[in-house]
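*Asks:* Here's a structure for you.
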Amino acid sequence: MKKQNNLTSLFEPRGVAIIGASHNQEKIGYQIVDNIVQGGYQGGIFPINLKGGKVAGMPAYSSVHEVISDIDIAIIAVPARHVLDSIKSCTKKNIKNIVIITSGFSEIGNIAEEKQIVKIANAADMRVLGPNIFGLYSSKIKLNATFGPQDIKPGHVSIITQSGAIGIAMIGKTKVENVGLANIISVGNKADIDEVDLLEYLTTDENTRAILMYLEGVKGGHKLINTLKAAALKKPVVVIKSGRSARGAAAAASHTGSLAGADEVFDDIIKQCGVIRAETIDQSLQLCRFLASSQIPKGQNTLIITNGGGVGVMAADACEKFGLQLYDDQVDLEKTFEKVVPKFGSFKNPVDITGGASAKMYDQALAAALKNNNINSVICLGCETASFDAEKFADTVRKQDKAYHNLKPITFSIFGGEQVEQGIVDLRKQGTPIYSDVYDAVSCLGALNSFKQNKLLSQNSAIEIEINKSEIRNILNSAKKHKRSFLLAYEAQRIMDLVEVSVPASSIAKSMRQAIEAAGKIGYPIAMKVVSKDIIHKSDAGGLALDLENKQEIIEAHESIMYNCKKHVPNAHIEGVEIAEMIKPGIETIIGARRDPSFGPIVMFGMGGIYVEVMKDVAFRAYPLSRAEIMKMISELKFYPMLLGVRGESEKDIETIINTIVKVGAIITSCPDIADIEINPLVVYDKGEGAKAVDVRILLTTLQETV
Ligand code: ACO
């Protein structure tokens, strides 16, 4: 099956045919032709209607075969039952793209016909956009091939949308919000052209400075990750994904499985790709407008100028959340603002020019910040006070926004009454990044900063390690031979030994006598755990005893474990008990790895122990990973300060955590028979003292669902 990779002909067609161009102004087939004509497209416009005549003032042809000029796009707007024939009629016309507006295919279960359409089109070297879409807009050639609004503001944001209705509404909203569009593309059922193809095109499109994607579902996540990564290095990419609360359908046989809900994984992985996730459509448009028009800051130093302490503190808090670094060279700040800040003001960042600040003082402060090369970006805040003249302030904002434009990013936020709100609306219409909410002003700069940081982070290459695959395969084969869907503890420990992850000393005892002997060899205190393929959650079944100090306690624990487990799972086949070294306390962490249905191999790290699902302090990443990315993953967690050492404690062995994450990721990547690995807890000791994988659980692919 042939496929052109270059979508230039879709975005810069020489001619467009509209099959199903209607004479009836109420119909989609009419509106598309009218939009193309009214939009100012200068290429060939060829309405196709069996009855001929004129559509939206353009002569209609009864078939594409009547058209003698080049057609690069055939838009299909006929009922579903006629689509296949319409496409067949295009196959001999050297048409490059088919854009199918028509609904009634895979979205209602008509999968076979959709597949057939793509097969026929691709065989004739035609790519298919849709079906079930509103069309596309390309500002470069003024092509509005949609049945959405006519009046689209051209600009530098490109939108890819899976939802047609939201996409059409977005076109209107972009106009209101003064967001100029480079392109908007509706992908619908993604029968052929998908987000990956479109991202590849938009990454090289010089008209596109920021990309916004509205996603509902993710197909072929692994390919999407790579394309998103590549795109996000060139241009800011913002994603809105619906279905945030949907949980993965994975059988929750492990914490990793139950914590790896579709949304949690998606959130962390797009972060890993350097993509910015917007919470709402409004926020996404705000971010895109700013990202498409702003300078990239030369450094991390951010300055807040304010006339009110409260909003200054709110902005400073938001800066911390969005990873913006506040410039804090006190000497330099005093020198820069000595002429502007009154004696009772503050030179500390947020620089407080006080409640009596006039527009002139703002002007001077902003000019001074612009001149200082140590300040890389500025957040300017204003609260309406008696001395605050909204009109004059707006003039200053306009003037300074212009002055900053090619030099440094700046955002503004003013908070006040009707006049202030009106001022914001007016300034926004003129393209100024001004918001009534401080948080919005900071989040825009934060997004710009994370775009820059991502570029820096991507310079680190992924860690690659070799593991002893054949030995691991032998262990897996033996488990499969016994029709087990998971490895027994000693088998999982053996795999840890093979990749040099330290586990507590242990041995299997098939009888009470062997248990006593083993405990004597390992040395007290001892932990005892049931060994049974029928019992996964040992503590729930009463199959675990800790801190056994002597022979008598071993005897009692053995008896109670056997009693509890038989009571909890009456038909369980119990092979014996594991006698293990009681390890010294440290910080309990969890490391997991699994094969995600959308994204392929993923790893998880977080706070471990029995409260893992209550605390949910975990982070996910697609594997492989660079050391810097693993460090970022660890440092995002709430319990990270505990790893650095709190209240005089020593720093923990983060290096061992990193190495263990890499090893677990390497196992899942190179052993397709393993579905899920989990170490919980991995007890981490002080720096240089390593960690112990106390409980290791490994689930196998084929039988995982049955666990
Ligand atoms: N060749 C040329 N012209 C044809 C052919 C053909 N094979 N078959 C029909 N026509 C003409 C018809 O004569 C008609 O023109 P006329 O009005 O001048 O007589 C025109 O094409 C349209 O055909 P209709 O049968 O009237 O079809 P209708 O307009 O009712 O519906 C449509 C077609 C719009 C494609 C419909 O089937 C459909 O799928 N609608 C949903 C579209 C949609 O919502 N897509 C998703 C968008 S995203 C979102 O959710 C907003």
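Residues 9 to 715 in our numbering are what the sequence shown lists, from first letter to last.
Backbone N, C-alpha and C define an ideal beta-carbon position, used for all residues, glycine too.
What you are looking at is a predicted structure, and each value in this text was computed from that prediction instead of being measured.
Can you name the residues that DSSP bridges to Arg-602?
*Replies:* Position 594 of the sequence shown, counting from 1, holds the residue named residue 602. Arg-602 is bridged to Ile-610 and Asp-684.
*Asks:* Since Pro-417 and Leu-456 are thought to touch, with beta carbons under 8 Å apart, how far apart are those beta carbons, to the nearest angstrom?
*Replies:* Here the question's residue 417 lines up with position 409 in the sequence shown. Here the question's residue 456 lines up with position 448 in the sequence shown. Their Cβ separation, rounded to whole angstroms, is 6 Å, which keeps Pro-417 and Leu-456 in contact under 8 Å.
*Asks:* Quick one: any contact between the segment 416-430 and the segment 378-397, if contact means 3 or more CB pairs under 8 Å?
*Replies:* yes
*Asks:* Cα separation between Asp-625 and His-566?
*Replies:* Locating residue 625 in the sequence shown gives position 617, counting from the first residue. Locating residue 566 in the sequence shown gives position 558, counting from the first residue. Each residue's alpha carbon lies about 35 Å from the other.
*Asks:* In terms of residue numbering, what span does the beta strand (DSSP E) encompassing Ala-73 cover?
*Replies:* Reading the sequence shown from its first residue, position 65 is the one you call residue 73. For the record, residue 73 in the displayed sequence is His; it is not Ala. His-73 -> no beta strand (DSSP E), and no H or E assigned at all.
*Asks:* Touch check for the segment 605-616 and the segment 635-647: three-plus C-beta pairs under 8 Å?
*Replies:* yes
*Asks:* Use the C-beta contact count for Lys-329: other C-beta atoms within 10 angstroms, 16 or more gives buried, fewer gives exposed.
*Replies:* By 1-based counting over the sequence shown, the position of residue 329 is 321. Lys-329 comes out exposed.
*Asks:* When the Cα atoms are used, what is the spatial distance from Asp-336 to Leu-232?
*Replies:* As a position in the sequence shown, residue 336 is number 328, starting the count at 1. As a position in the sequence shown, residue 232 is number 224, starting the count at 1. Roughly 40 Å between the two C-alpha positions.
*Asks:* Report the CB separation of Asn-191 from Leu-144 in whole angstroms; it is logged as a contact under 8 Å.
*Replies:* Numbered from its first residue, the sequence shown carries residue 191 at position 183. Numbered from its first residue, the sequence shown carries residue 144 at position 136. Confirmed, Cβ separation roughly 7 Å.
*Asks:* Can you tell which of Asp-133, Leu-334 and Gly-156 has the C-alpha that lies nearest to the C-alpha of Ile-141?
*Replies:* For the purposes of this step, residue 141 is taken as residue 133 along the sequence shown, with counting starting at 1. Answer by Cα proximity: Gly-156.
*Asks:* For Arg-705, is the classification buried or exposed, using 16 other Cβ atoms within 10 angstroms of its Cβ as the cut-off for buried?
*Replies:* Mapped onto the sequence shown, residue 705 falls at position 697. So Arg-705 counts as buried.
*Asks:* From what residue to what residue does the alpha helix (DSSP H) around Ser-451 run?
*Replies:* For the purposes of this step, residue 451 is taken as the residue at position 443 of the sequence shown. Counting along the chain, the alpha helix (DSSP H) containing Ser-451 begins and ends at 446-465.
*Asks:* Whose CA, out of Cys-679, Met-650, Gly-653 and Lys-640, lies closest to the CA of Ile-277?
*Replies:* For the purposes of this step, residue 277 is taken as the residue at position 269 of the sequence shown. Answer by Cα proximity: Lys-640.
*Asks:* Is it true that the CB of Ile-669 sits closer than 8 Å to the CB of Ile-599?
*Replies:* Taking the first residue of the sequence shown as position 1, residue 599 is located at position 591. Taking the first residue of the sequence shown as position 1, residue 669 is located at position 661. Contact flag set, yes.
*Asks:* With respect to 7 Å, is the separation between the Cβ of Thr-110 and the closest non-hydrogen atom of the ligand ACO below this value?
*Replies:* As a first step, residue 110 must be located in the sequence shown, where it is residue number 102. Result yes, Cβ under 7 Å from the ligand ACO.
*Asks:* Is the beta carbon of Gly-608 closer than 8 Å to that of Ala-630?
*Replies:* On the sequence shown, position 622 is the one that residue 630 refers to. On the sequence shown, position 600 is the one that residue 608 refers to. Yes, the pair counts as a contact, with Cβ atoms nearer than the cut-off.
*Asks:* Measuring CA to CA, which of Thr-154, His-230 and Asp-409 is closest to Ile-26?
*Replies:* Sequence index remark: in the sequence shown, residue 26 carries index 18 (1-based). Answer by Cα proximity: Thr-154.
*Asks:* What does the alpha-carbon distance come out to for the pair Lys-671 and Asn-476?
*Replies:* The count along the sequence shown starts at 1 and reaches residue 671 at position 663. The count along the sequence shown starts at 1 and reaches residue 476 at position 468. If I take the Cα positions, the gap works out to 11 Å.
*Asks:* Could you check if Gly-600 belongs to the surroundings of the ligand ACO, using beta carbon to heavy atom distance under 7 Å?
*Replies:* For the purposes of this step, residue 600 is taken as the residue at position 592 of the sequence shown. Outside the cutoff, so no.
*Asks:* Would you tell me roughly how many angstroms separate the C-alpha atoms of Glu-713 and Lys-488, rounded to the nearest one?
*Replies:* Here residue 713 corresponds to residue number 705 of the sequence shown, with the count starting at 1. Here residue 488 corresponds to residue number 480 of the sequence shown, with the count starting at 1. The predicted model places Glu-713 with a pLDDT of 42, which falls under 50 and marks its position as unreliable; any figure quoted below should be read in that light. So the alpha carbons of these two residues sit roughly 14 Å apart.
*Asks:* Cβ of Phe-54 versus every heavy atom of the ligand ACO: is any distance shorter than 7 Å?
*Replies:* Walking along the sequence shown from the start, residue 54 turns up at place 46. The answer is no for Phe-54.
*Asks:* Quick one, which of Glu-564, Met-590, Ile-544 and Pro-605 has its alpha-carbon nearest Val-577's?
*Replies:* Translated into the one-based positions of the sequence shown, residue 577 becomes position 569. Minimum Cα distance to Val-577 is reached at Ile-544.
*Asks:* Restricting to Cα atoms, I'd like to know which of Leu-295, Ser-466 and Val-86 is closest to Thr-182.
*Replies:* The residue labelled residue 182 in the question sits at position 174 within the sequence shown. Comparing Cα positions, the closest option is Leu-295.
*Asks:* Note down the Cα distance separating Ser-70 from Val-63, rounded to an integer number of angstroms.
*Replies:* Start at 1 with the first residue of the sequence shown, and residue 70 comes out as number 62. Start at 1 with the first residue of the sequence shown, and residue 63 comes out as number 55. Going by C-alpha positions, Ser-70 is about 12 Å away from Val-63.
*Asks:* Excluding sequence positions up to five away, which residues of its chain have a Cβ less than 6 Å from the Cβ of Leu-151?
*Replies:* As a working mapping, residue 151 is identified with position 143 in the sequence shown. Closer than 6 Å at Cβ, skipping near neighbours: Tyr-49.
*Asks:* Tell me which residues share the same chain as Gly-60 and place their Cβ nearer than 6 Å to its Cβ, disregarding the 5 neighbours each side in the sequence.
*Replies:* One-based indexing of the sequence shown puts residue 60 at position 52. Cβ neighbours of Gly-60 beyond the five flanking positions: Ala-68 and Ser-70.
*Asks:* To which residues does DSSP link Asn-579 through a beta bridge?
*Replies:* Residue mapping note: residue 579 aligns to position 571 of the sequence shown, counting from 1. Asn-579 is not bridged to any residue.
*Asks:* Please work out which residues of its chain come closer than 6 Å, Cβ to Cβ, to Ser-30, disregarding the five sequence neighbours upstream and downstream, and give them in chain order.
*Replies:* The count along the sequence shown starts at 1 and reaches residue 30 at position 22. Within the same chain, Ser-30 has close Cβ partners Gly-37 and Tyr-38.
*Asks:* To the nearest angstrom, how far is it from the Cα of Val-126 to the Cα of Asp-42?
*Replies:* Locating residue 126 in the sequence shown gives position 118, where the first residue counts as 1. Locating residue 42 in the sequence shown gives position 34, where the first residue counts as 1. Each residue's alpha carbon lies about 28 Å from the other.
*Asks:* Would you kindly work out how many angstroms separate the C-alpha atoms of Cys-98 and Asn-130, rounded to a whole number?
*Replies:* Residue numbering aside, residue 98 sits at position 90 when the sequence shown is read from its first letter. Residue numbering aside, residue 130 sits at position 122 when the sequence shown is read from its first letter. Cys-98 and Asn-130: Cα-Cα distance of roughly 12 Å.
*Asks:* To the nearest angstrom, report how far apart Gln-338 and Arg-655 are at their CA atoms.
*Replies:* Within the sequence shown, the letter at position 330 stands for residue 338. Within the sequence shown, the letter at position 647 stands for residue 655. So the two alpha carbons sit approximately 28 Å from each other.
*Asks:* Using only the alpha-carbon positions, how far apart do Glu-121 and Ile-174 sit?
*Replies:* Taking the first residue of the sequence shown as 1, we reach residue 121 at position 113. Taking the first residue of the sequence shown as 1, we reach residue 174 at position 166. Glu-121 and Ile-174: Cα-Cα distance of roughly 26 Å.
*Asks:* Check whether the Cβ atoms of Gly-803 and Ala-88 lie closer than 8 Å to each other.
*Replies:* Beyond the ends of the chain as shown, which are 9 and 715, falls residue 803; an answer cannot be given.
*Asks:* At a threshold of 7 Å, does Ile-83 count as lining the ligand ACO (C-beta to nearest heavy atom)?
*Replies:* One-based indexing of the sequence shown puts residue 83 at position 75. Every heavy atom of the ligand ACO is 7 Å or more from the Cβ of Ile-83, so no.
*Asks:* May I ask which residues mark the beginning and end of the alpha helix (DSSP H) holding Leu-206?
*Replies:* In the sequence shown, counting from the first residue as 1, residue 206 sits at position 198. From DSSP, the alpha helix (DSSP H) with Leu-206 extends over 203-212.
*Asks:* Would you say Leu-506 and Ile-682 are within 8 Å of each other, going by their C-beta atoms?
*Replies:* As a working note, residue 506 is residue 498 in the sequence shown. As a working note, residue 682 is residue 674 in the sequence shown. It is not a contact, given that the beta carbons lie outside the stated cut-off.
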